[in-house]
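Structure record follows, encoded as structure tokens.
Number of protein chains: 2
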Amino acid sequence: MFTSAYTEAMSDELPTLPWDRPRGRTRPPRIPLTRDRIVEAAYVVLDREGYDRLSMRMVAAELGVAVSALYAHVSSKDELLELMYSRFFADMDLPDPDPERWREQLRDYARAALAKLRSHRDMARISMGSVPFKPEMLPHMDAILGVFRAAGLPDRVAGAAGDVLSTFVDGFALEESMWQDRYRATDELTWQGMREALERYFAELPPERFPHLTALSHSMLGRSNDERFDLGVEIIIRGLASFAAEAAATGETGGDRTGTGETGATERPAG
Amino acid sequence: MFTSAYTEAMSDELPTLPWDRPRGRTRPPRIPLTRDRIVEAAYVVLDREGYDRLSMRMVAAELGVAVSALYAHVSSKDELLELMYSRFFADMDLPDPDPERWREQLRDYARAALAKLRSHRDMARISMGSVPFKPEMLPHMDAILGVFRAAGLPDRVAGAAGDVLSTFVDGFALEESMWQDRYRATDELTWQGMREALERYFAELPPERFPHLTALSHSMLGRSNDERFDLGVEIIIRGLASFAAEAAATGETGGDRTGTGETGATERPAG
DNA sequence: TCTCTTGATGAACAGCGTTCAGGAGACGAT
DNA sequence: ATCGTCTCCTGAACGCTGTTCATCAAGAGA
Chain D
79 MFTSAYTEAM
89 SDELPTLPWD
99 RPRGRTRPPR
109 IPLTRDRIVE
119 AAYVVLDREG
129 YDRLSMRMVA
139 AELGVAVSAL
149 YAHVSSKDEL
159 LELMYSRFFA
169 DMDLPDPDPE
179 RWREQLRDYA
189 RAALAKLRSH
199 RDMARISMGS
209 VPFKPEMLPH
219 MDAILGVFRA
229 AGLPDRVAGA
239 AGDVLSTFVD
249 GFALEESMWQ
259 DRYRATDELT
269 WQGMREALER
279 YFAELPPERF
289 PHLTALSHSM
299 LGRSNDERFD
309 LGVEIIIRGL
319 ASFAAEAAAT
329 GETGGDRTGT
339 GETGATERPA
349 G
Chain U
79 MFTSAYTEAM
89 SDELPTLPWD
99 RPRGRTRPPR
109 IPLTRDRIVE
119 AAYVVLDREG
129 YDRLSMRMVA
139 AELGVAVSAL
149 YAHVSSKDEL
159 LELMYSRFFA
169 DMDLPDPDPE
179 RWREQLRDYA
189 RAALAKLRSH
199 RDMARISMGS
209 VPFKPEMLPH
219 MDAILGVFRA
229 AGLPDRVAGA
239 AGDVLSTFVD
249 GFALEESMWQ
259 DRYRATDELT
269 WQGMREALER
279 YFAELPPERF
289 PHLTALSHSM
299 LGRSNDERFD
309 LGVEIIIRGL
319 ASFAAEAAAT
329 GETGGDRTGT
339 GETGATERPA
349 G
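Protein chains in written order, with this note's numbering: chain D, 79 to 349; chain U, 79 to 349.
See below:
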């Protein structure tokens, strides 16, 4: 079994050398369990073990505490994951919408978000698995919407633009994360090596059946992930620029004009 | 306990009425377990119970068979999920790249993919959780790349375009799927009702802290999901059109020019 | 010093994915 | 018709998961 932090603290009652004996009346504190400490430990486990092995028991072990102790502070594993996700947004700084610089602002924000998602192993899995939003991300949504408006996007487009950008960033990070997990499993293959293998695989497909795939294998996989990401963001930004230009030309602004020209998809039934 | 299909078949040895007694020498067949039957049962369970409750034991129960029997045909649950994902692509039809109609082709494909993802509960979860690609989707990748090239996109952009489009479709479906799960849990609230509640929540936020969110609450949530989706796809298409126009102007084609053109993206796209 | 409150404990439950020795039916050979 | 073999499926088990609950120890107040 694991030595609990609790009994560990108690073991300070054993004789200690005079010079590091607690001075004054400060006593060895019991280090009470808190939500924050639990979330912190969960991040440690996540980074070391990955999402699949992140369990309540592992977090408890990390804290030197019984599993059931966690449930006094956190109602479920889902809540713990949501707490992790919430803390995630804490220290990202937000753009101050500027009509002159909206492109850079979106680019910077997207890059910062990707970097943040990359900063903890499998974080994209948690991000994708969380409820579409938490109160902590309201300031983010507001700031990004502000940038969209500063860009001159009509309101109806601004609403959809967030979807496109956020699904791209999250999806991109998730895909990276899954490749990472995969090559971690089939180890002794480097990240770069795996991509080369993949490129070779594409290149060696029968060209008569996959003419484009074989032709573009190098264009798709020969460049760094960062380039691919930036290019993706650029595609989105240009799409938005097109709408902004159109709105500037026609004078459309916050109106509620409906439709994108045609409707084809059918609404998902409520049941 | 469950009655197994196995013993069930055997129970046909009980007396039967003459007219539906097996004619000739055809005997009641044992209906052997196959990968296909397992995948099929898995889909039934998925649709009825949802992704979270989809377990090997449930699939086995659905087939009236012991859990361990599955492992003779399928090496793991992961493999089963991948089989489900593979079958998923089987009956989608692919565009035949046409330079004149690339916009519609992308729109149609995106809508078809979304419809497919919607056709099975939580399918987006499986799609997002699967390896970035399986051999079954090679024809899809090739066809879409073909459309990108028909659009006149430079190769380096075509590679990234697929990421943007597929992450948007998958991410959109996933988000829908998660809202659905959520309101299924906190039941007696309709899909539409939940969206209205959300819109009200946004609208009632303090406007001085969230000026854009409050202003755009209706633009974001007042319209149907299909409109939001179409708009998102349109943003991407216009972004691609911008690159295509640029390539047409500068004569860029399959070259391997690097960089994303940090300063570019100012010109008005074609469409 | 005694009680009360707070909070961690460890055992338990139901369910999960996966493995494995065993058994039952089908089939070819005798 | 009986035997042996071979193919599947069975049932029990292992170790893991999230979650609950009666119990008990430590710290604070009287």
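Built from N, CA and C at the ideal position, the CB exists for glycine as well.
Reduced DSSP secondary structure (H/G/I, E/B, other) of F211/D: Sequence index remark: in the first sequence, residue 211/D carries index 133 (1-based). If DSSP states are grouped into helix, strand and coil, F211/D belongs with coil.
Taking the alpha-carbon positions, what's the G329/U to A263/D distance? As a working note, residue 329/U is residue 251 in the second sequence. As a working note, residue 263/D is residue 185 in the first sequence. About 44 Å.
Three-way DSSP call (helix, strand, coil) for T328/D in this model: Residue 328/D sits at position 250 when you count from the first residue of the first sequence. Looking at T328/D - three-state DSSP - the assignment turns out to be helix.
Could you pull the start and end residues of the alpha helix (DSSP H) that F288/U belongs to? Counted from its first residue, the second sequence places residue 288/U at position 210. F288/U -> no alpha helix (DSSP H), and no H or E assigned at all.
Compare the C-beta of R113/D with all C-beta atoms of chain U and state if any pair is closer than 8 Å. Working through the first sequence from its first residue, we reach residue 113/D at position 35. Judged by the 8 Å Cβ criterion, R113/D is not in contact with chain U.
Please report the straight-line C-alpha distance between W257/D and P210/U, rounded to a whole angstrom. Within the first sequence, residue 257/D is the residue found at index 179, counting from 1. Within the second sequence, residue 210/U is the residue found at index 132, counting from 1. Near 8 Å, if we compare the C-alpha coordinates of P210/U and W257/D.
Using Cβ-Cβ distances below 8 Å, what residues of the stretch 110-140 of chain D are close to chain U? For the stretch 110-140 of chain D, which is checked against every Cβ of chain U, not one residue is closer than 8 Å.
Which bits of chain D does D174/U rub up against, with CB to CB less than 9 Å? For the purposes of this step, residue 174/U is identified with residue 96 of the second sequence, where counting begins at 1. Here the premise fails: no neighbours, minimum Cβ distance about 12 Å.
Please identify the residue among R189/U, G317/U, G237/U, R131/U whose C-alpha is closest to the C-alpha of R306/U. Start at 1 with the first residue of the second sequence, and residue 306/U comes out as number 228. It is R189/U whose Cα lies nearest to the Cα of R306/U.
How should P175/U be labelled, buried or exposed, when 16 other C-beta atoms within 10 angstroms of its C-beta is the threshold for buried? Start at 1 with the first residue of the second sequence, and residue 175/U comes out as number 97. By the 10 Å Cβ count, P175/U comes out buried.
For L309/D versus I313/U, is the C-beta distance shorter than 8 Å? Here the question's residue 309/D lines up with position 231 in the first sequence. Here the question's residue 313/U lines up with position 235 in the second sequence. In this structure, L309/D sits away from I313/U, with a CB-CB distance that is not shorter than 8 Å.
Does the beta carbon of H290/U sit closer than 8 Å to a beta carbon anywhere in chain D? Residue 290/U sits at position 212 when you count from the first residue of the second sequence. With 8 Å as the cut-off, H290/U counts as an interface residue toward chain D.
Considering only the beta carbon of each residue, do F321/D and L231/D sit closer than 8 Å? Counting from one through the first sequence, the residue named residue 321/D turns up at place 243. Counting from one through the first sequence, the residue named residue 231/D turns up at place 153. Yes, Cβ-Cβ distance for F321/D and L231/D is below 8 Å.
Who are the Cβ neighbours of D114/U in its own chain at under 7 Å, not counting the five residues just before and after it? Taking the second sequence and counting its residues from 1, one reaches residue 114/U at position 36. Excluding positions up to five away in sequence, the list is empty.
In chain D, which residues lie less than 8 Å from S164/U when you measure between Cβ atoms? What you label residue 164/U is simply residue 86 of the second sequence in a count that begins at 1. Correct list: empty, because the minimum Cβ distance to chain D is about 17 Å.
Separation of R165/D from M134/D, as counted between CA atoms: On the first sequence, residue 134/D is found 56 positions in, with the first residue counted as 1. On the first sequence, residue 165/D is found 87 positions in, with the first residue counted as 1. Between M134/D and R165/D, the C-alpha separation is close to 18 Å.
Just checking, does the stretch 205-222 of chain U make contact with the stretch 282-299 of chain U on the three C-beta pairs under 8 Å criterion? no
DSSP state of Y149/D, grouped into three classes? Within the first sequence, numbered from 1, the residue matching residue 149/D stands at position 71. Correct three-state label for Y149/D: coil.
If H218/U and L172/U are in contact, beta carbons under 8 Å, what's the gap, nearest whole angstrom? As a first step, residue 218/U must be located in the second sequence, where it is residue number 140. As a first step, residue 172/U must be located in the second sequence, where it is residue number 94. Rounded to the nearest angstrom, the Cβ distance from H218/U to L172/U is 6 Å, consistent with a contact under 8 Å.
Along chain U, which residues have their Cβ under 8 Å away from the Cβ of E253/D? By one-based count along the first sequence, residue 253/D stands at place 175. In chain order: P210, D241, T245.
Any Cβ of chain D within less than 8 Å of the Cβ of R256/U? For this step, residue 256/U is matched to residue 178 along the second sequence. Note on identity: in this sequence residue 256/U is Met, with Arg being the wrong assignment. Taking Cβ atoms only, chain D reaches closer than 8 Å to M256/U, which makes this a yes.
Could you tell me which chain D residues have their CB closer than 8 Å to the CB of F250/U, listed as they occur along the chain? Indexing the second sequence from 1 puts residue 250/U at position 172. Near F250/U (Cβ distances below 8 Å), the residues of chain D are D241, T245.
Could you tell me which whole alpha helix (DSSP H) segments of length 4 or greater appear in the stretch 109-178 of chain D? 113-127, 134-141, 145-148, 155-166
Note down, in chain order, every chain D residue with its Cβ under 7 Å from the Cβ of G230/U. The sequence position of residue 230/U within the second sequence is 152, counting from 1. By Cβ distance, chain D contributes nothing, its closest Cβ being about 14 Å from G230/U, past 7 Å.
C-alpha distance - S154/D paired with F288/D, whole-angstrom precision: Here the question's residue 154/D lines up with position 76 in the first sequence. Here the question's residue 288/D lines up with position 210 in the first sequence. Near 48 Å, if we compare the C-alpha coordinates of F288/D and S154/D.
Mind pulling the chain D residues with CB within less than 7 Å of M367/U? Absent from the structure is residue 367/U, since the part of chain U shown begins at 79 and ends at 349.
Relative to the C-alpha of L111/D, which candidate in V143/D, D125/D, E127/D has its C-alpha closest? Residue mapping note: residue 111/D aligns to position 33 of the first sequence, counting from 1. Among V143/D, D125/D, E127/D, the Cα nearest to that of L111/D is on V143/D.
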